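Start counting at 1 in the sequence shown, then tack on 220, and there's your number in this note's numbering.
Glycine included, C-beta positions come from ideal geometry on N, C-alpha and C.
Since this is a predicted model, take the numbers as computed values, not measurements.
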Amino acid sequence: MKAVRLHPGPRVLVEDVPEPVADSGQVRVAVRAAGLCGTDLHAAHGRLPVPNLPVVMGHEGAGVVEAVGDGVKAVAAGDRVLLLPSETCGRCRACETGHLGLCPEARILGMARDGTFAEQIVVPASCVVRLPDDVPFEHGAILADAVATAYHAVATRGAVSGGERIAVVGCGGVGFHAILIARLLGARTIVAVDTSEGALRRAITAGADAVVDAGQQDARRAIRRSAGGDGPEIVVEYAGRKASVELAVSSVARGGRVVLGGVSGDVPTLPPLISFVGRELAVLGSMGYTRAELDRVVTLTAAGDLDLSHSITQRYPLARATDALDDLQHRRGDPVRLALMPPLS
Ligand SMILES: [Zn+2]
Ligand SMILES: [Zn+2]
Numbered sequence: 221m222k223a224v225r226l227h228p229g230p231r232v233l234v235e236d237v238p239e240p241v242a243d244s245g246q247v248r249v250a251v252r253a254a255g256l257c258g259t260d261l262h263a264a265h266g267r268l269p270v271p272n273l274p275v276v277m278g279h280e281g282a283g284v285v286e287a288v289g290d291g292v293k294a295v296a297a298g299d300r301v302l303l304l305p306s307e308t309c310g311r312c313r314a315c316e317t318g319h320l321g322l323c324p325e326a327r328i329l330g331m332a333r334d335g336t337f338a339e340q341i342v343v344p345a346s347c348v349v350r351l352p353d354d355v356p357f358e359h360g361a362i363l364a365d366a367v368a369t370a371y372h373a374v375a376t377r378g379a380v381s382g383g384e385r386i387a388v389v390g391c392g393g394v395g396f397h398a399i400l401i402a403r404l405l406g407a408r409t410i411v412a413v414d415t416s417e418g419a420l421r422r423a424i425t426a427g428a429d430a431v432v433d434a435g436q437q438d439a440r441r442a443i444r445r446s447a448g449g450d451g452p453e454i455v456v457e458y459a460g461r462k463a464s465v466e467l468a469v470s471s472v473a474r475g476g477r478v479v480l481g482g483v484s485g486d487v488p489t490l491p492p493l494i495s496f497v498g499r500e501l502a503v504l505g506s507m508g509y510t511r512a513e514l515d516r517v518v519t520l521t522a523a524g525d526l527d528l529s530h531s532i533t534q535r536y537p538l539a540r541a542t543d544a545l546d547d548l549q550h551r552r553g554d555p556v557r558l559a560l561m562p563p564l565s
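Below, the structure written as structure tokens:
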């Protein structure tokens, strides 16, 4: 089968590899769509260490079950499924409570084990979730990463309630979906903040009421003015940079919540305590999502309440994976999510 593999260097090659076989407890899925995420880019450029090379890249995917190993009862050949982005231990406290993103032994597809940028993938049965018939594969591919992650940040960590004002800093793949979800949950005013004009245009499509160019002189004032009152009650941050986190913290209203979802090695500085405590701020990390939240976004999408029709901005055959990575790197076409579509066999 064809697969996109990361080799030492790092180098990305599209090549022929043996078809994987489903052993006991495992499922083989014919991949119909795979999503490209910033993490894939970091791996392809050597910014993220990947221990066992070569490895088939990709952690977002959906497809059709082709074969199941002994003991698998939950799915059968022919079922449509989406893939969870990592294999979790199933025993720790995080796994027991369903918070998949916090399992310390999680093995991410495309990094710790072969991933979704291939015609076929084999995973433990616990890594597949039924995909309703009316949800296209390309939407299934991003539900368990870009969409559920945004849902956890906005609905659970940010606990947005109807009538609240929210700003989203960093409107790429996850930020775009944070805006969609904030709209769905009844946010009064949504302010989109980014440095890319194209990303801000797309943010309007997702439901933002106002846009702010984070590169402008006084972005903090612009965010507060756009939100109204003394600023947004919630700011969700997905750029993952020192400056953007500090902008998020300085823009939020008194008593507000800042939810940080962007990840990097940057070290942001908190405001002086007299201001941080005096304004009673909350700064919360947000990682992954729970199994119940994933089920919720699948249901919302199948019901048509969550409209992902603008989420996949570019599609590529598997053979053009390196072009797709390059377009994502240079944000060509103002991507929300790019999808690789393996050929139907
Ligand atoms: Zn991802
Ligand atoms: Zn675990």
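Test item: CB-CB of residue i and residue j under 8 angstroms
{"i": "VAL487", "j": "VAL478", "result": "no"}
{"i": "GLY559", "j": "ARG535", "result": "Residue identity check: residue 559 is Ala in the sequence provided, not Gly. Yes, these two residues count as a Cβ contact at 8 angstroms."}
{"i": "ASP354", "j": "ARG300", "result": "no"}
{"i": "LEU295", "j": "VAL247", "result": "A small fix is needed here, since residue 295 is Val in this sequence, not Leu. It is a contact, given that the beta carbons lie within the stated cut-off."}
{"i": "VAL388", "j": "ALA412", "result": "yes"}
{"i": "PHE337", "j": "VAL224", "result": "yes"}
{"i": "GLY505", "j": "GLY482", "result": "no"}
{"i": "THR533", "j": "ARG557", "result": "yes"}
{"i": "VAL275", "j": "VAL249", "result": "no"}
{"i": "MET507", "j": "LEU322", "result": "yes"}
{"i": "VAL469", "j": "LEU501", "result": "yes"}
{"i": "ILE401", "j": "VAL431", "result": "no"}
{"i": "ASP429", "j": "ILE410", "result": "yes"}
{"i": "ARG385", "j": "GLY448", "result": "yes"}
{"i": "SER464", "j": "GLY390", "result": "yes"}
{"i": "LEU528", "j": "HIS359", "result": "yes"}
{"i": "THR415", "j": "GLY383", "result": "no"}
{"i": "PRO230", "j": "ALA264", "result": "yes"}
{"i": "LEU302", "j": "LEU363", "result": "yes"}
{"i": "ALA439", "j": "LEU480", "result": "no"}
{"i": "VAL234", "j": "ILE341", "result": "no"}
{"i": "THR308", "j": "ALA297", "result": "no"}
Opposing strand residues paired with residue i [DSSP bridges]
{"i": "GLN436", "result": "Note: GLN436 sits in no beta bridge, so no partner."}
{"i": "HIS319", "result": "THR510"}
{"i": "PRO240", "result": "None, per the DSSP bridge assignment."}
{"i": "SER306", "result": "ILE328"}
{"i": "LEU256", "result": "LEU558"}
{"i": "GLN632", "result": "Here the chain comprises residues numbered 221 to 565, so residue 632 is not present and cannot be evaluated."}
{"i": "VAL388", "result": "ALA412, VAL456"}
{"i": "GLY505", "result": "LEU480"}
{"i": "TYR371", "result": "TYR371 is not bridged to any residue."}
{"i": "LYS462", "result": "In DSSP, LYS462 forms no bridge with anything."}
{"i": "ILE532", "result": "ARG557"}
{"i": "GLY283", "result": "VAL251, VAL301"}
{"i": "LYS222", "result": "ASP236"}
{"i": "ARG333", "result": "LEU329"}
{"i": "ARG231", "result": "HIS227"}
{"i": "ARG350", "result": "VAL301"}
{"i": "ALA263", "result": "None, per the DSSP bridge assignment."}
{"i": "PRO537", "result": "MET561"}
{"i": "VAL276", "result": "ARG225"}
{"i": "VAL288", "result": "VAL247"}
{"i": "VAL380", "result": "Paired residues: none, contrary to the question."}
Whole-angstrom distance between residue j and residue i, CA atom to CA atom
{"i": "SER381", "j": "ALA398", "result": "14 angstroms"}
{"i": "ASP236", "j": "MET221", "result": "5 angstroms"}
{"i": "GLU368", "j": "GLN437", "result": "Note on identity: in this sequence residue 368 is Ala, with Glu being the wrong assignment. Their backbone Cα atoms lie some 34 angstroms apart in a straight line."}
{"i": "ALA361", "j": "ASP546", "result": "20 angstroms"}
{"i": "ALA379", "j": "ASP554", "result": "29 angstroms"}
{"i": "SER446", "j": "GLY524", "result": "29 angstroms"}
{"i": "ALA282", "j": "SER531", "result": "15 angstroms"}
{"i": "LEU538", "j": "PRO562", "result": "5 angstroms"}
{"i": "ALA423", "j": "SER244", "result": "45 angstroms"}
{"i": "GLY451", "j": "ARG499", "result": "12 angstroms"}
{"i": "LEU404", "j": "LEU526", "result": "7 angstroms"}
{"i": "VAL518", "j": "THR489", "result": "37 angstroms"}
{"i": "LEU351", "j": "GLY485", "result": "35 angstroms"}
{"i": "ARG408", "j": "ALA544", "result": "36 angstroms"}
{"i": "ALA426", "j": "GLY266", "result": "32 angstroms"}
{"i": "VAL232", "j": "GLY278", "result": "12 angstroms"}
{"i": "ARG552", "j": "ALA522", "result": "30 angstroms"}
{"i": "GLU568", "j": "VAL503", "result": "The structure shown does not extend to residue 568, since the chain is modelled only from 221 to 565, so the question has no answer here."}
{"i": "SER495", "j": "GLY475", "result": "11 angstroms"}
Quick check on the contact list: which residues have their beta carbon closer than 5 angstroms to a heavy atom of ligand 1?
CYS257, THR259, ASP365
Can at least three beta-carbon pairs, one atom from the stretch 326-346 and one from the stretch 284-303, be found at a separation below 8 angstroms?
yes
Taking contact to mean 3 or more Cβ pairs, one atom from each stretch, closer than 8 angstroms, check whether the stretch 251-267 and the stretch 548-558 are in contact.
yes
Could you say if the stretch 442-460 and the stretch 390-409 meet the contact criterion of at least three C-beta pairs nearer than 8 angstroms?
yes
Between the stretch 499-518 and the stretch 314-330, do at least 3 Cβ pairs fall closer than 8 angstroms?
yes
Are at least three pairs of beta-carbons, each pair with one atom in the stretch 269-277 and one in the stretch 326-337, less than 8 angstroms apart?
yes
Specify which residues have a beta carbon nearer than 5 angstroms to any heavy atom of ligand 2, listing them in chain order.
THR308, CYS309, CYS312, CYS315, CYS323
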